[in-house]
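*Asks:* The structure is given below, and queries will be raised subsequently.
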Amino acid sequence: MFEFRFCFQKASVSCCIYHISRGIYITIQDRGHIFTLLKNWPADTIKTVVMTDGERILGFGDMGANGMAIPLSKAVLYTALGGLQPYHCLPVMLDVGTNNEKLLEDEFYVGLRRKRATGEEYISFMDEVVESLSAHYGPNVCLHFADFKNSNAFQLLERYRSNYITFNDDIQGSAVVIVSGLMTASRVTQKKISQNSYLFYGGGGASIGIARLLVQAIMEEGFSEDEAKSRIFIMDSKGLIVTSHELSAAKSEFARSDYPKIDSLLEAIRLIRPSVLIGASGQSGAFTRDILRELSTIHKTPIIFVLSNQSNLGECTSQMAYKATEWRCIFVSGSSSEPVRTPDDRLLKPSQGNNCYVFPSLVNALSLAVIRPLTYKLLLTAAKSFKSQSGIR
598 MFEFRFCFQK
608 ASVSCCIYHI
618 SRGIYITIQD
628 RGHIFTLLKN
638 WPADTIKTVV
648 MTDGERILGF
658 GDMGANGMAI
668 PLSKAVLYTA
678 LGGLQPYHCL
688 PVMLDVGTNN
698 EKLLEDEFYV
708 GLRRKRATGE
718 EYISFMDEVV
728 ESLSAHYGPN
738 VCLHFADFKN
748 SNAFQLLERY
758 RSNYITFNDD
768 IQGSAVVIVS
778 GLMTASRVTQ
788 KKISQNSYLF
798 YGGGGASIGI
808 ARLLVQAIME
818 EGFSEDEAKS
828 RIFIMDSKGL
838 IVTSHELSAA
848 KSEFARSDYP
858 KIDSLLEAIR
868 LIRPSVLIGA
878 SGQSGAFTRD
888 ILRELSTIHK
898 TPIIFVLSNQ
908 SNLGECTSQM
918 AYKATEWRCI
928 FVSGSSSEPV
938 RTPDDRLLKP
948 SQGNNCYVFP
958 SLVNALSLAV
968 IRPLTYKLLL
978 TAAKSFKSQS
988 GIR
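Taking our numbering, I'd label the letters of the sequence shown as residues 598 to 990.
What follows is the structure, given as C-alpha coordinates:
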(Lines of atoms letter the chains of each structure in order from A and count residues from 1; the text may use other names and numbers.)
(Lines give C-alpha, C1' and ligand atoms only; values in the text may rest on other atoms or scores of the structure.)
Protein backbone atom coordinates (compact mmCIF):
# COMPACT_ATOMS: atom_id res chain seq x y z
CA MET A 1 0.00 0.00 0.00
CA PHE A 2 2.94 2.36 0.56
CA GLU A 3 3.70 2.30 -3.16
CA PHE A 4 0.10 3.21 -4.03
CA ARG A 5 0.03 6.08 -1.53
CA PHE A 6 3.32 7.36 -2.89
CA CYS A 7 1.91 7.23 -6.40
CA PHE A 8 -1.06 9.50 -5.84
CA GLN A 9 0.46 11.72 -3.15
CA LYS A 10 3.74 12.45 -4.93
CA ALA A 11 2.51 12.71 -8.54
CA SER A 12 2.06 16.47 -8.25
CA VAL A 13 5.58 16.84 -6.85
CA SER A 14 7.04 14.90 -9.77
CA CYS A 15 5.34 17.36 -12.13
CA CYS A 16 8.09 19.78 -11.08
CA ILE A 17 10.81 17.39 -12.27
CA TYR A 18 11.38 16.81 -15.98
CA HIS A 19 11.82 13.21 -17.02
CA ILE A 20 11.21 11.11 -20.11
CA SER A 21 7.54 10.21 -19.81
CA ARG A 22 5.85 7.09 -21.09
CA GLY A 23 2.88 8.94 -22.51
CA ILE A 24 1.93 11.02 -25.51
CA TYR A 25 1.95 14.81 -25.75
CA ILE A 26 -0.66 16.53 -27.92
CA THR A 27 -0.33 20.28 -28.37
CA ILE A 28 -2.86 22.75 -29.66
CA GLN A 29 -0.49 23.30 -32.59
CA ASP A 30 -1.24 19.72 -33.67
CA ARG A 31 -4.79 20.62 -34.69
CA GLY A 32 -5.72 18.99 -37.97
CA HIS A 33 -3.21 16.16 -37.43
CA ILE A 34 -4.18 14.62 -34.08
CA PHE A 35 -5.52 11.37 -35.55
CA THR A 36 -2.24 10.89 -37.43
CA LEU A 37 -0.22 11.78 -34.34
CA LEU A 38 -1.91 9.01 -32.34
CA LYS A 39 -0.45 6.43 -34.72
CA ASN A 40 2.96 7.12 -33.15
CA TRP A 41 1.86 5.29 -30.01
CA PRO A 42 3.00 1.64 -30.32
CA ALA A 43 -0.05 0.00 -28.70
CA ASP A 44 -3.34 -0.17 -30.62
CA THR A 45 -5.46 -1.97 -28.01
CA ILE A 46 -6.10 1.04 -25.77
CA LYS A 47 -9.09 0.69 -23.44
CA THR A 48 -8.62 3.78 -21.25
CA VAL A 49 -7.12 7.18 -22.02
CA VAL A 50 -6.14 9.32 -19.02
CA MET A 51 -5.72 12.95 -20.04
CA THR A 52 -5.03 16.31 -18.44
CA ASP A 53 -4.34 19.82 -19.64
CA GLY A 54 -2.29 20.50 -16.51
CA GLU A 55 -4.26 23.54 -15.36
CA ARG A 56 -5.24 22.39 -11.87
CA ILE A 57 -2.51 20.06 -10.67
CA LEU A 58 -2.99 18.91 -7.09
CA GLY A 59 -1.36 21.39 -4.74
CA PHE A 60 0.43 23.32 -7.48
CA GLY A 61 -2.19 24.77 -9.83
CA ASP A 62 -1.21 25.46 -13.44
CA MET A 63 1.78 23.28 -14.33
CA GLY A 64 1.27 23.36 -18.08
CA ALA A 65 3.00 20.53 -19.96
CA ASN A 66 4.73 19.44 -16.75
CA GLY A 67 1.44 17.83 -15.72
CA MET A 68 2.20 14.53 -17.48
CA ALA A 69 2.96 12.89 -14.12
CA ILE A 70 -0.77 12.97 -13.31
CA PRO A 71 -2.03 10.70 -16.12
CA LEU A 72 1.08 8.54 -15.69
CA SER A 73 0.39 7.97 -12.00
CA LYS A 74 -3.27 7.19 -12.64
CA ALA A 75 -2.27 4.71 -15.36
CA VAL A 76 -0.08 2.95 -12.77
CA LEU A 77 -3.08 2.70 -10.44
CA TYR A 78 -5.23 1.24 -13.22
CA THR A 79 -2.74 -1.61 -13.42
CA ALA A 80 -1.93 -1.96 -9.71
CA LEU A 81 -5.48 -1.65 -8.37
CA GLY A 82 -7.71 -2.37 -11.37
CA GLY A 83 -5.83 -5.14 -13.14
CA LEU A 84 -5.68 -3.27 -16.45
CA GLN A 85 -2.69 -4.28 -18.56
CA PRO A 86 -0.23 -1.38 -18.99
CA TYR A 87 -0.52 -1.53 -22.78
CA HIS A 88 -4.29 -0.97 -22.50
CA CYS A 89 -3.88 2.46 -20.88
CA LEU A 90 -2.68 5.64 -22.60
CA PRO A 91 -1.50 8.69 -20.60
CA VAL A 92 -2.04 11.92 -22.57
CA MET A 93 -0.75 15.42 -21.83
CA LEU A 94 -2.77 18.10 -23.64
CA ASP A 95 -0.58 21.19 -24.04
CA VAL A 96 -2.75 24.25 -24.65
CA GLY A 97 -0.28 26.69 -23.13
CA THR A 98 0.10 27.91 -19.56
CA ASN A 99 -0.64 31.04 -17.55
CA ASN A 100 2.16 30.22 -15.12
CA GLU A 101 4.66 33.02 -15.69
CA LYS A 102 7.48 31.15 -13.94
CA LEU A 103 7.15 28.32 -16.43
CA LEU A 104 6.98 30.65 -19.41
CA GLU A 105 10.20 32.29 -18.25
CA ASP A 106 11.94 28.98 -17.46
CA GLU A 107 14.48 28.17 -20.18
CA PHE A 108 14.06 24.45 -19.49
CA TYR A 109 10.25 24.39 -19.73
CA VAL A 110 9.25 21.73 -22.27
CA GLY A 111 5.78 23.05 -23.16
CA LEU A 112 4.39 25.69 -25.50
CA ARG A 113 5.44 29.21 -24.56
CA ARG A 114 2.04 30.85 -24.87
CA LYS A 115 -0.95 31.75 -22.74
CA ARG A 116 -3.63 29.12 -22.33
CA ALA A 117 -6.14 28.66 -25.09
CA THR A 118 -9.69 29.50 -24.04
CA GLY A 119 -13.17 29.68 -25.51
CA GLU A 120 -13.77 28.34 -29.00
CA GLU A 121 -10.07 27.70 -29.63
CA TYR A 122 -9.92 25.41 -26.60
CA ILE A 123 -13.21 23.62 -27.25
CA SER A 124 -12.50 22.97 -30.94
CA PHE A 125 -9.14 21.46 -29.95
CA MET A 126 -10.79 19.24 -27.34
CA ASP A 127 -13.42 18.17 -29.87
CA GLU A 128 -10.70 17.02 -32.26
CA VAL A 129 -8.84 15.21 -29.47
CA VAL A 130 -11.92 13.30 -28.34
CA GLU A 131 -13.07 12.50 -31.87
CA SER A 132 -9.59 11.32 -32.87
CA LEU A 133 -9.21 9.09 -29.81
CA SER A 134 -12.59 7.50 -30.45
CA ALA A 135 -11.89 7.04 -34.16
CA HIS A 136 -8.46 5.49 -33.57
CA TYR A 137 -9.17 3.28 -30.56
CA GLY A 138 -12.86 2.62 -31.10
CA PRO A 139 -16.09 4.04 -29.64
CA ASN A 140 -15.76 1.97 -26.45
CA VAL A 141 -12.51 3.57 -25.28
CA CYS A 142 -12.99 5.30 -21.92
CA LEU A 143 -11.91 8.94 -21.67
CA HIS A 144 -10.71 9.77 -18.15
CA PHE A 145 -10.38 13.53 -17.53
CA ALA A 146 -8.07 14.53 -14.67
CA ASP A 147 -7.02 17.83 -13.06
CA PHE A 148 -8.83 20.20 -15.42
CA LYS A 149 -9.95 23.61 -14.19
CA ASN A 150 -13.39 23.28 -12.60
CA SER A 151 -15.31 25.21 -15.25
CA ASN A 152 -13.67 23.23 -18.06
CA ALA A 153 -14.11 19.94 -16.19
CA PHE A 154 -17.88 20.38 -15.92
CA GLN A 155 -18.20 21.68 -19.48
CA LEU A 156 -16.24 18.81 -21.03
CA LEU A 157 -18.05 16.16 -19.00
CA GLU A 158 -21.43 17.54 -20.03
CA ARG A 159 -20.35 17.97 -23.66
CA TYR A 160 -19.12 14.41 -24.22
CA ARG A 161 -20.95 12.22 -21.68
CA SER A 162 -23.79 11.15 -23.99
CA ASN A 163 -21.70 10.14 -27.02
CA TYR A 164 -18.52 8.84 -25.41
CA ILE A 165 -17.59 6.80 -22.33
CA THR A 166 -16.35 9.57 -20.05
CA PHE A 167 -15.22 9.85 -16.45
CA ASN A 168 -13.85 12.63 -14.25
CA ASP A 169 -12.29 11.35 -11.03
CA ASP A 170 -12.23 14.79 -9.38
CA ILE A 171 -16.00 15.17 -9.78
CA GLN A 172 -17.37 11.63 -10.03
CA GLY A 173 -14.69 9.47 -8.40
CA SER A 174 -14.46 11.66 -5.32
CA ALA A 175 -18.25 11.64 -5.05
CA VAL A 176 -18.40 7.84 -4.96
CA VAL A 177 -15.72 7.52 -2.28
CA ILE A 178 -17.00 10.29 -0.01
CA VAL A 179 -20.70 9.40 -0.20
CA SER A 180 -19.71 5.81 0.52
CA GLY A 181 -17.77 7.09 3.53
CA LEU A 182 -20.76 9.09 4.71
CA MET A 183 -22.95 6.00 4.43
CA THR A 184 -20.44 4.06 6.51
CA ALA A 185 -20.28 6.87 9.09
CA SER A 186 -24.08 6.77 9.31
CA ARG A 187 -23.84 3.24 10.64
CA VAL A 188 -21.74 4.58 13.51
CA THR A 189 -23.92 7.61 14.28
CA GLN A 190 -27.15 5.65 13.76
CA LYS A 191 -28.45 8.39 11.46
CA LYS A 192 -29.74 8.04 7.94
CA ILE A 193 -28.07 10.09 5.21
CA SER A 194 -31.20 12.24 5.07
CA GLN A 195 -31.02 13.01 8.80
CA ASN A 196 -27.73 14.89 8.45
CA SER A 197 -27.08 18.45 7.37
CA TYR A 198 -23.98 19.01 5.26
CA LEU A 199 -21.68 22.02 5.07
CA PHE A 200 -19.02 22.05 2.37
CA TYR A 201 -16.09 24.42 2.75
CA GLY A 202 -14.82 24.85 -0.80
CA GLY A 203 -16.97 25.15 -3.91
CA GLY A 204 -14.87 23.27 -6.47
CA GLY A 205 -15.60 20.25 -8.61
CA ALA A 206 -15.18 17.74 -5.79
CA SER A 207 -17.72 19.51 -3.55
CA ILE A 208 -20.27 19.86 -6.35
CA GLY A 209 -19.84 16.23 -7.41
CA ILE A 210 -20.24 14.97 -3.85
CA ALA A 211 -23.25 17.24 -3.27
CA ARG A 212 -24.96 15.98 -6.42
CA LEU A 213 -24.49 12.37 -5.39
CA LEU A 214 -25.71 13.18 -1.88
CA VAL A 215 -28.90 14.53 -3.42
CA GLN A 216 -29.38 11.19 -5.18
CA ALA A 217 -28.74 9.29 -1.94
CA ILE A 218 -31.22 11.40 0.05
CA MET A 219 -33.86 11.09 -2.68
CA GLU A 220 -33.55 7.30 -2.42
CA GLU A 221 -34.74 7.64 1.18
CA GLY A 222 -38.03 9.09 -0.06
CA PHE A 223 -37.38 12.82 -0.36
CA SER A 224 -37.82 15.19 -3.29
CA GLU A 225 -34.86 16.84 -5.00
CA ASP A 226 -35.64 20.18 -3.37
CA GLU A 227 -35.92 18.55 0.05
CA ALA A 228 -32.58 16.83 -0.51
CA LYS A 229 -30.87 20.06 -1.55
CA SER A 230 -32.26 21.82 1.52
CA ARG A 231 -29.86 19.73 3.63
CA ILE A 232 -26.77 20.82 1.69
CA PHE A 233 -24.81 24.07 2.10
CA ILE A 234 -21.68 25.11 0.22
CA MET A 235 -19.23 27.89 1.04
CA ASP A 236 -16.70 29.15 -1.49
CA SER A 237 -14.15 31.97 -1.36
CA LYS A 238 -17.01 34.50 -1.26
CA GLY A 239 -18.85 32.83 1.61
CA LEU A 240 -22.06 30.82 1.69
CA ILE A 241 -23.35 30.26 -1.84
CA VAL A 242 -26.58 32.23 -2.07
CA THR A 243 -28.74 33.24 -5.01
CA SER A 244 -27.63 36.88 -4.81
CA HIS A 245 -24.10 35.86 -5.88
CA GLU A 246 -22.97 35.65 -9.49
CA LEU A 247 -22.47 31.89 -9.85
CA SER A 248 -21.47 29.22 -12.32
CA ALA A 249 -24.19 26.85 -13.48
CA ALA A 250 -22.83 24.07 -11.26
CA LYS A 251 -22.74 26.20 -8.11
CA SER A 252 -26.17 27.70 -8.76
CA GLU A 253 -27.70 24.24 -8.24
CA PHE A 254 -26.98 24.64 -4.53
CA ALA A 255 -27.45 28.39 -4.07
CA ARG A 256 -29.62 29.26 -1.06
CA SER A 257 -32.37 31.84 -1.16
CA ASP A 258 -33.47 31.10 2.43
CA TYR A 259 -30.19 32.09 4.12
CA PRO A 260 -28.35 35.40 4.32
CA LYS A 261 -24.88 36.06 2.98
CA ILE A 262 -22.40 34.55 5.46
CA ASP A 263 -18.65 35.11 5.17
CA SER A 264 -17.44 33.42 8.36
CA LEU A 265 -17.27 29.63 8.64
CA LEU A 266 -17.80 29.84 12.40
CA GLU A 267 -20.91 31.96 11.88
CA ALA A 268 -22.17 29.51 9.26
CA ILE A 269 -21.75 26.58 11.65
CA ARG A 270 -23.66 28.41 14.38
CA LEU A 271 -26.52 29.22 12.02
CA ILE A 272 -26.68 26.02 9.94
CA ARG A 273 -25.69 23.59 12.73
CA PRO A 274 -24.27 20.97 10.34
CA SER A 275 -23.64 17.42 11.50
CA VAL A 276 -21.18 16.91 8.63
CA LEU A 277 -18.36 19.33 7.77
CA ILE A 278 -16.47 18.67 4.54
CA GLY A 279 -13.32 20.60 3.67
CA ALA A 280 -12.23 20.82 0.03
CA SER A 281 -10.80 24.33 -0.10
CA GLY A 282 -7.06 23.77 -0.02
CA GLN A 283 -6.91 26.34 2.80
CA SER A 284 -4.53 25.00 5.43
CA GLY A 285 -5.78 25.48 8.98
CA ALA A 286 -9.23 26.73 7.96
CA PHE A 287 -10.87 24.45 10.54
CA THR A 288 -9.66 26.18 13.69
CA ARG A 289 -10.01 24.90 17.24
CA ASP A 290 -12.98 27.24 17.81
CA ILE A 291 -14.74 25.91 14.71
CA LEU A 292 -14.17 22.29 15.68
CA ARG A 293 -15.27 22.91 19.26
CA GLU A 294 -18.43 24.64 18.09
CA LEU A 295 -19.23 21.65 15.93
CA SER A 296 -18.76 19.29 18.87
CA THR A 297 -21.13 21.31 21.08
CA ILE A 298 -23.88 20.93 18.48
CA HIS A 299 -23.49 17.21 17.78
CA LYS A 300 -22.31 14.31 19.91
CA THR A 301 -20.44 12.66 17.02
CA PRO A 302 -19.64 15.26 14.35
CA ILE A 303 -18.39 13.97 11.01
CA ILE A 304 -15.36 15.82 9.67
CA PHE A 305 -13.95 15.11 6.21
CA VAL A 306 -10.75 16.96 5.26
CA LEU A 307 -10.28 16.25 1.56
CA SER A 308 -7.81 18.93 0.54
CA ASN A 309 -4.65 17.40 -0.86
CA GLN A 310 -1.75 17.43 -0.24
CA SER A 311 -1.64 16.86 3.52
CA ASN A 312 -0.05 20.28 4.15
CA LEU A 313 -3.12 21.89 2.56
CA GLY A 314 -5.64 20.16 4.82
CA GLU A 315 -8.11 22.33 6.72
CA CYS A 316 -7.04 20.61 9.94
CA THR A 317 -5.09 17.59 11.12
CA SER A 318 -6.55 14.45 12.65
CA GLN A 319 -4.92 15.37 15.97
CA MET A 320 -6.62 18.78 15.97
CA ALA A 321 -10.02 17.35 15.04
CA TYR A 322 -9.99 14.58 17.62
CA LYS A 323 -8.69 16.77 20.44
CA ALA A 324 -11.03 19.73 19.79
CA THR A 325 -14.08 17.43 19.68
CA GLU A 326 -13.00 15.58 22.83
CA TRP A 327 -12.10 12.49 20.78
CA ARG A 328 -15.71 12.08 19.60
CA CYS A 329 -15.60 12.96 15.90
CA ILE A 330 -15.43 10.70 12.88
CA PHE A 331 -12.44 11.95 10.88
CA VAL A 332 -11.55 11.22 7.26
CA SER A 333 -8.76 12.82 5.24
CA GLY A 334 -7.89 12.91 1.55
CA SER A 335 -4.25 12.12 2.31
CA SER A 336 -3.08 9.48 4.75
CA SER A 337 -3.05 10.59 8.40
CA GLU A 338 -1.16 9.16 11.34
CA PRO A 339 -3.12 7.36 14.10
CA VAL A 340 -3.84 9.40 17.22
CA ARG A 341 -3.66 8.07 20.79
CA THR A 342 -6.24 9.38 23.26
CA PRO A 343 -5.55 10.23 26.93
CA ASP A 344 -7.22 6.95 27.94
CA ASP A 345 -4.85 5.05 25.61
CA ARG A 346 -7.27 4.32 22.77
CA LEU A 347 -5.76 4.40 19.27
CA LEU A 348 -7.89 6.32 16.76
CA LYS A 349 -7.07 5.52 13.15
CA PRO A 350 -8.29 8.13 10.63
CA SER A 351 -9.76 6.77 7.43
CA GLN A 352 -8.62 7.94 4.02
CA GLY A 353 -11.06 9.09 1.35
CA ASN A 354 -9.23 9.04 -1.97
CA ASN A 355 -10.75 8.37 -5.37
CA CYS A 356 -7.95 5.94 -6.27
CA TYR A 357 -9.90 3.34 -4.31
CA VAL A 358 -12.71 3.31 -6.86
CA PHE A 359 -11.76 4.73 -10.25
CA PRO A 360 -9.67 1.78 -11.55
CA SER A 361 -12.48 -0.76 -11.16
CA LEU A 362 -15.26 1.72 -11.91
CA VAL A 363 -13.75 2.80 -15.23
CA ASN A 364 -13.10 -0.82 -16.20
CA ALA A 365 -16.79 -1.47 -15.58
CA LEU A 366 -17.76 1.50 -17.77
CA SER A 367 -15.73 0.09 -20.65
CA LEU A 368 -16.93 -3.49 -20.25
CA ALA A 369 -20.60 -2.50 -20.00
CA VAL A 370 -20.27 0.34 -22.55
CA ILE A 371 -21.99 2.79 -20.20
CA ARG A 372 -22.82 6.21 -21.59
CA PRO A 373 -23.78 8.45 -19.97
CA LEU A 374 -22.60 7.69 -16.45
CA THR A 375 -25.55 8.81 -14.31
CA TYR A 376 -25.60 9.72 -10.63
CA LYS A 377 -27.89 6.76 -10.02
CA LEU A 378 -25.13 4.46 -11.28
CA LEU A 379 -22.55 6.33 -9.21
CA LEU A 380 -24.71 5.77 -6.13
CA THR A 381 -24.77 2.05 -6.91
CA ALA A 382 -20.97 2.14 -6.98
CA ALA A 383 -20.91 4.00 -3.64
CA LYS A 384 -23.12 1.36 -2.04
CA SER A 385 -20.90 -1.40 -3.38
CA PHE A 386 -17.80 0.33 -2.02
CA LYS A 387 -19.52 0.80 1.35
CA SER A 388 -20.03 -2.95 1.61
CA GLN A 389 -16.24 -3.36 1.63
CA SER A 390 -15.76 -1.16 4.70
CA GLY A 391 -16.04 -3.96 7.25
CA ILE A 392 -18.47 -1.91 9.38
CA ARG A 393 -21.89 -3.58 9.69
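Just so you know, even glycine gets a beta-carbon here, dropped at the ideal spot from N, CA and C.
Would you give the residue range spanned by the beta strand (DSSP E) that Ser930 belongs to?
*Replies:* Unbroken beta strand (DSSP E) run through Ser930: Ile927 to Ser930.
*Asks:* Excluding the five sequence neighbours on either side, which residues of its own chain have a C-beta within less than 6 Å of the C-beta of Val929, listed in chain order?
*Replies:* Cβ within range, chain order: Gly778, Phe902, Ser948 and Gly950.
*Asks:* Between Ala966 and Asn737, what straight-line distance do the alpha-carbon atoms span, to the nearest angstrom?
*Replies:* 9 Å
*Asks:* For Asp744, count the other beta carbons within 10 Å of its own beta carbon; 16 or more makes it buried, fewer makes it exposed. Which is it?
*Replies:* buried
*Asks:* Who are the near neighbours of Arg602 in its chain, counting only those whose CB is closer than 7 Å to its CB and skipping five residues on each side?
*Replies:* A caution first: Arg602 carries a pLDDT of 45, below 50, which makes its placement in the model unreliable, though a value can still be read off. Excluding sequence neighbours, Arg602 sits near Ser933.
*Asks:* Can you say whether Asp627 is buried or exposed, counting buried as having 16 or more other CB atoms within 10 angstroms of its CB?
*Replies:* buried
*Asks:* Looking at the secondary structure, which residues open and close the alpha helix (DSSP H) in which Ile1007 lies?
*Replies:* A query on residue 1007 cannot be resolved here, the shown segment of the chain reaching from 598 to 990 and no further.
*Asks:* Cα separation between Glu864 and Pro957?
*Replies:* 40 Å
*Asks:* Name the two residues that bound the continuous beta strand (DSSP E) containing Asn961.
*Replies:* Per DSSP, Asn961 lies in no beta strand (DSSP E) segment; the continuous alpha helix (DSSP H) that holds it begins and ends at Phe956 to Ala966.
*Asks:* May I ask you to verify whether the region 701-711 touches the region 674-686, counting CB pairs closer than 8 Å and requiring at least 3?
*Replies:* no
*Asks:* Under the three-state reduction of DSSP, which class applies to Val937: helix, strand or coil?
*Replies:* strand
*Asks:* Checking 8 Å against the spacing of the C-beta atoms, do Ile621 and Val693 come in under that value?
*Replies:* no
*Asks:* Quick check: His741 and Leu635, are their CB atoms within less than 8 Å of each other?
*Replies:* no
*Asks:* For Cys686, which of helix, strand or coil comes out of DSSP?
*Replies:* strand
*Asks:* Taking the beta carbon of Gly629 as the centre, do at least 16 other beta carbons fall within 10 Å, making it buried, or is it exposed?
*Replies:* exposed
*Asks:* Would you tell me roughly how many angstroms separate the C-alpha atoms of Asn749 and Glu923, rounded to the nearest one?
*Replies:* 42 Å
*Asks:* Is Ser985 helix, strand or coil when you go by DSSP?
*Replies:* In the structure shown, Ser985 sits in coil (DSSP, three-state: anything other than H, G, I, E or B).
*Asks:* When DSSP labels each residue in this structure, what does Val707 get in the three-state scheme?
*Replies:* coil
*Asks:* Provide the residue span of the alpha helix (DSSP H) that contains His896, from first to last.
*Replies:* Segment: none, His896 is in no alpha helix (DSSP H) and carries neither H nor E.
*Asks:* Taking the alpha carbon of Asn663 as the reference point, which residue from Glu652, Ser721 and Lys671 has its own alpha carbon closest?
*Replies:* Glu652
*Asks:* Contact check, Ser861 vs Thr645 under 8 Å by CB: the rounded distance?
*Replies:* The Cβ separation is near 43 Å, so there is no contact.
*Asks:* Run the CB neighbour count on Asp767, radius 10 Å, all protein chains shown included, and call it buried at 16 or more, exposed below.
*Replies:* buried
*Asks:* Out of Ser905, Lys974 and Ile875, state which residue places its alpha-carbon closest to the alpha-carbon of Leu892.
*Replies:* Closest by alpha carbon: Ile875.
*Asks:* In chain order, what residues of the same chain have a beta carbon less than 7 Å from the beta carbon of Ile650, not counting five sequence neighbours either side?
*Replies:* Reading the sequence as shown, one finds Asp at residue 650 and not Ile. For Asp650, where only same-chain residues beyond five positions count, the Cβ hits under 7 Å are Leu691, Val693 and Phe745.
*Asks:* Please say whether Leu976 and Gln769 have beta carbons closer to each other than 8 Å?
*Replies:* yes
*Asks:* Comparing alpha-carbon positions, which option in Gly656, Phe657, Ile623 and Phe884 lies nearest Met648?
*Replies:* Ile623
*Asks:* Tell me whether Phe884 sits in a helix, a strand or coil according to DSSP, three-state version.
*Replies:* coil
*Asks:* Which same chain residues end up closer than 6 Å to Val773 when comparing Cβ atoms and leaving out the 5 residues on each side of it in sequence?
*Replies:* Val955, Leu976, Ala979 and Ala980
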